[in-house]
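Colleague: Sequence positions in the sequence shown follow my numbering and run 891 to 1138. For every residue, glycine included, the Cβ atom is placed at its ideal position computed from N, Cα and C.
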Amino acid sequence: MSLTKLLRLKALISQPKQIKILLENAKIGATNRRLLSGSQNEMKTTLEVPFYMTCSNNMKAEECQLLYKDMVVFENFLSETEEKVIFDEIEPYMSRLHYEYDHWDNAIHGFRETERLHWTQPSMLILDKVRQAAFPAGKPQLRHVHVLDLSADGYIKPHIDSVKFCGDTIAGLSLLSDSVMRLVHEKDSSKIVDVILKQRSLYIMRDSARYDYTHEILKQADSKFKSVIVPKGRRISVICRSEVTKKQ
891 MSLTKLLRLK ALISQPKQIK ILLENAKIGA TNRRLLSGSQ NEMKTTLEVP FYMTCSNNMK
951 AEECQLLYKD MVVFENFLSE TEEKVIFDEI EPYMSRLHYE YDHWDNAIHG FRETERLHWT
1011 QPSMLILDKV RQAAFPAGKP QLRHVHVLDL SADGYIKPHI DSVKFCGDTI AGLSLLSDSV
1071 MRLVHEKDSS KIVDVILKQR SLYIMRDSAR YDYTHEILKQ ADSKFKSVIV PKGRRISVIC
1131 RSEVTKKQ
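#1: Excluding the 5 residues preceding and the 5 following residue 1090 in the sequence, name in chain order all residues of the same chain whose CB lies nearer than 6 Å to its CB.
#2: Please classify residue 971: does DSSP put it in a helix, a strand, or coil?
#3: Got a sec, what are the start and stop residues for the alpha helix (DSSP H) residue 953 sits in?
#4: Compute the Euclidean distance between the alpha carbons of residue 1067 and residue 951, then round it to the nearest angstrom.
#5: With a 10 Å radius around its C-beta and 16 neighbouring C-beta atoms as the bar for buried, classify residue 986 as buried or exposed.
#6: Check whether the segment 1024-1036 touches the segment 1102-1118, taking contact to mean three or more Cβ pairs, one atom from each stretch, closer than 8 Å.
#7: Only counting the same chain, and skipping five residues up and downstream in sequence, which positions put a Cβ closer than 6 Å to that of residue 980?
#8: Using 8 Å as the Cβ pair cut-off and three pairs as the minimum, do the segment 1118-1128 and the segment 1052-1068 touch?
#9: At which residues does the alpha helix (DSSP H) containing residue 1088 begin and terminate?
#10: Taking the beta carbon of residue 1080 as the centre, do at least 16 other beta carbons fall within 10 Å, making it buried, or is it exposed?
#11: Hey, residue 1023 and residue 1059 are a contact pair by Cβ (cut 8 Å); roughly how many whole angstroms apart?
#12: Taking buried to mean at least 16 other C-beta atoms within 10 Å of its own C-beta, is residue 1055 buried or exposed?
#13: Out of 960, 1046, 1028, which has the shortest C-alpha to C-alpha gap to residue 991?
#14: Go through its chain and collect everything with a Cβ distance to residue 998's Cβ below 6 Å, but skip five positions before and after it.
#15: Can you say whether residue 1078 is buried or exposed, counting buried as having 16 or more other CB atoms within 10 angstroms of its CB?
Written as structure tokens, this is what we have:
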């Protein structure tokens, strides 16, 4: 076992609740990846439906199966202490910015944002944990971390991130508030997937979820998951991204 893995395991030992959550998510992901890599007969096996996702009834089984693999959420990825570490570092700068209500590509309403390269050591340890969970070893990643602060009445409109600025994997921490992310198939708007993003969770969006579906954060009035209202307050997302590759 590498030194990096040993250090990561040591850090997790003091967080039994997080170990349980990570293992449950890993079990679902491993089962789904194993089935997806098998024969056509194996593909017909029902995959485990993640607790954080719902697919519209008109979606084909294979479409849902791809999303179970390509849109992953780790609930309680951060402890309350880790959330405070990140928040306390970015808040002095973010609080000096004004919320904006128009965006250069009309994708966000009620936001302020920044790209951050330099972090304190405690925050770097947390971001390293994100990168280890989201990106395979050796995968090129953007060094700058995107920080997006949505006001309580802010929301993100449906969009697909430009391939000019971001690679095939996006990983985001959700701070301060729960929210609902909606994925809508780019070529068939009747195919809708809702994903609950709890406060302190980590989502990892890749491949089909990244390229075939628009994604958005629902506004307060529409913030529901499985017909249950999800109160949305101010939300900060801290986002790590892979680099653009030539084949993209």
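Modeller: This is what the structure holds:
#1: Translated into positions along the sequence shown, residue 1090 becomes position 200. Within the same chain, residue 1090 has close Cβ partners 966, 968, 973.
#2: The residue you call residue 971 lines up with position 81 of the sequence shown. In the structure shown, residue 971 falls within a helical segment according to DSSP collapsed to helix, strand and coil.
#3: Numbered from 1 along the sequence shown, position 63 holds the residue referred to as residue 953. Looking at the DSSP string, the run of the alpha helix (DSSP H) that includes residue 953 is 951-960.
#4: The residue labelled residue 1067 in the question sits at position 177 within the sequence shown. The residue labelled residue 951 in the question sits at position 61 within the sequence shown. Rounded to the nearest angstrom, the two C-alpha atoms are 31 Å apart.
#5: If you number the sequence shown from 1, residue 986 lands on position 96. Exposed.
#6: Taking 8 Å as the limit for Cβ pairs, the verdict is that the segment 1102-1118 does not touch the segment 1024-1036.
#7: Along the sequence shown, read from residue 1 onward, the residue named residue 980 stands at position 90. If we look at residue 980 and ignore the five residues flanking it on each side, its Cβ neighbours are 1037.
#8: Verdict: yes, contact present.
#9: In the sequence shown, the residue the question calls residue 1088 occupies position 198. Element bounds for residue 1088: n/a, residue is neither H nor E.
#10: The residue you call residue 1080 lines up with position 190 of the sequence shown. Exposed, by the Cβ-count rule.
#11: The residue given as residue 1023 occupies position 133 in the sequence shown. The residue given as residue 1059 occupies position 169 in the sequence shown. 11 Å between Cβ atoms; not a contact.
#12: To locate residue 1055, count along the sequence shown from 1; it is residue 165. Exposed is the call here.
#13: Your numbering for residue 991 matches position 101 in the sequence shown. Proximity to residue 991 across 960, 1046, 1028 peaks at 1046, based on C-alpha coordinates.
#14: Taking the first residue of the sequence shown as position 1, residue 998 is located at position 108. Closer than 6 Å at Cβ, skipping near neighbours: 1046.
#15: As a working mapping, residue 1078 is identified with position 188 in the sequence shown. Residue 1078 comes out exposed.
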